[in-house]
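Numbering (the UniProt record's numbering), first residue to last: 1 to 503.
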């Protein structure tokens, strides 16, 4: 349930589906193994579902989709199929889930204080960010990045003398606030350890933490009450609930006993997570809950409304590929980039290229904003504003990925007469769609080169404007006719806007 999704898609060289196989079992551990049968040249597929004793009657559906449609369309239909099978609806997505956020993690890790963060929030709000995620470190004085002190979940007073006041400062800036919790971990140095040391799935001596066993009602009650109290006491807007995929069986996991009310670990996880979201939504109807890759399976959409790319600091390519994969399998759930960061001496152009790699997701930013160069700051501010102004197209428009084997070198989205495309490979020609309903075209240059290539029938007339990575206008031409194949000068990290003339 809490690790990936049970689907495999075979596609051809034109990005068309050949065969997509998905299964209805989205809770238990499932192993899908696909390959080629050498003797016959046929595809082979093994599906293994791991059942716990005692084995009760099971019914599992396998769905084969051999329609010759775009692979992305077939995967989206797979999501609709899962939604129709599951009894609980996906969690609602408030508008705030699709607005840029500032994260403390890469910028500060656990070395945070009230004063240092408050300065960052003020700058973040000025630049257009509308939410803050306070990550690991708010609850401990230990800055060694371990989990031995997880479990008590009290603000570290040496860092935050008044945590409620700290949250109010965020709200006063017009921003939402979410905080981080490692859901399964009970650190051996916490005061709560003695209450739960015999209710663990596993003990990790390296991390100095135990993994709580959700089959115990006492464990679930403790976790739910912890988040409920935090929501009320600090007026939080949401939670970053981490390490859900640690809820699984280990070699040292105890057998079922009479103090447990579930035999299956994943059934207990489902109960826990559903009760968390339902309980907290009663207090805060527009609650935000973020899950990180890989816990992004079909059932996880029932209890979270933000799916974030797994950690990939400074890797725009990894972010882009993971964002695209998530968008194809997440339905309406908001997809967020991993927190975007860069080196202190990075060029503004390279920072902008990273932002373009993530532009079809909600941007999460984690750099020390007040230490940025003026051009880094201007580039970031430009793409934050662009991502908000065009968020309907970028986040909820018709999304068209291409060439998954080439790591999605071109991504496009279209909605309400606007088409936005980003290109990531040098010398990659992009065809402009010639649809009478389109009035505005954007092409973002996510390459290191200063040129882009456009394909069209030559019938498009209008105004062509080129911007640099900071959003400053470089050139503008009116009554421009886009030829059949045209090379245009667009700075790296910059963009091209074409507004079609009224005919």
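The C-beta atom is built at its ideal place from N, Cα and C for all residues, glycine as well. Values in this document were obtained by computation on a predicted structure and should not be read as measured data.
Sequence-distant partners of residue 231 (beyond 5 residues in either direction) whose C-beta falls short of 7 Å from its own C-beta, in its chain, are 280, 283, 284.
Counting along the chain, no beta strand (DSSP E) covers residue 229; the unbroken alpha helix (DSSP H) around it starts and ends at 217–234.
Under the Cβ criterion (8 Å, minimum of three pairs), the segment 351–365 counts as touching the segment 440–457. Cβ contact annotation for residue 500 (same chain, cutoff 6 Å, sequence separation greater than five): 439, 462, in chain order. Annotation note: the segment 34–81 contains the following uninterrupted beta strand (DSSP E) runs of length 3 or greater, listed N- to C-terminal: 42–49, 62–65. Within the segment 284–322, the beta strand (DSSP E) runs of at least 3 residues that lie entirely inside it are, in chain order, 288–292, 306–308.
Only residues of its own chain outside the window of five on either side were considered, and among them 107 have a CB closer than 6 Å to the CB of residue 368, listed in chain order.
When DSSP reads this structure, residue 451 sits in a beta bridge with 489.
Residues 22, 63 of the same chain have their beta carbon placed closer than 8 Å to that of residue 81, with the five preceding and five following residues left out of the count. If you draw a straight line from the Cα of residue 55 to the Cα of residue 336, it is about 39 Å long.
Listed as beta-bridge partners of residue 401 by DSSP are 411. When DSSP reads this structure, residue 373 sits in no beta bridge, so it has no partner. With respect to residue 220, residue 88 sits apart: the two C-beta atoms are not nearer than 8 Å. A residue is called buried when at least 16 other Cβ atoms come within 10 angstroms of its Cβ; residue 251 does not meet this threshold and is exposed. Nearest to residue 8 by C-alpha distance, out of 490, 329, 263, 358, is 329. A buried status is given to residue 319, since no fewer than 16 other beta-carbon atoms sit within 10 Å of its beta-carbon. Between residue 324 and residue 409 a beta carbon distance of about 11 Å is seen, past the 8 Å cut, so the two are scored as non-contacting. Around the C-beta of residue 468, 16 or more other C-beta atoms lie within 10 Å, and the residue is accordingly described as buried.
Non-local beta-carbon contacts of residue 295 in its own chain, meaning distances under 7 Å to residues more than five positions away in sequence, involve 2, 3, 244, 245 in chain order. Assigned with DSSP and collapsed to three states, residue 270 falls in helix. For residue 169, the enclosing alpha helix (DSSP H) stretches over residues 163–172. Residue 456 holds the alpha-carbon nearest to the alpha-carbon of residue 481 among 456, 470, 471, 472.
Residue 209 sits in a strand when the DSSP states are folded into three classes.
Relative to the Cα of residue 207, the nearest Cα in the group 224, 182, 405, 192 belongs to 182. Relative to residue 472, the option among 478, 494, 340 whose CA is nearest is 494. Under the three-state reduction of DSSP, residue 127 is assigned to helix. Residue pairing of residue 204 in beta bridges, as defined by DSSP: 209. Per the coordinates, the alpha-carbon of residue 364 lies some 9 Å from the alpha-carbon of residue 131. In the three-state reduction of the DSSP assignment, residue 282 falls in the helix class. Nearest C-alpha to residue 173 among 238, 254, 487, 128: 128. Excluding sequence positions up to five before and after residue 52, its CB lies within less than 7 Å of the CB of 263, 264, all in the same chain and listed in chain order. For residue 499, the enclosing beta strand (DSSP E) has its first and last residue at 495–500. When DSSP states are grouped into helix, strand and coil, residue 98 belongs to the helix group. With respect to the 8 Å criterion, residue 65 and residue 74 are classified as neighbours on the basis of their beta carbons. Note on geometry: alpha-carbon atoms of residue 125 and residue 168 lie some 14 Å from one another. Annotated three-state conformation of residue 333 is coil, per DSSP.
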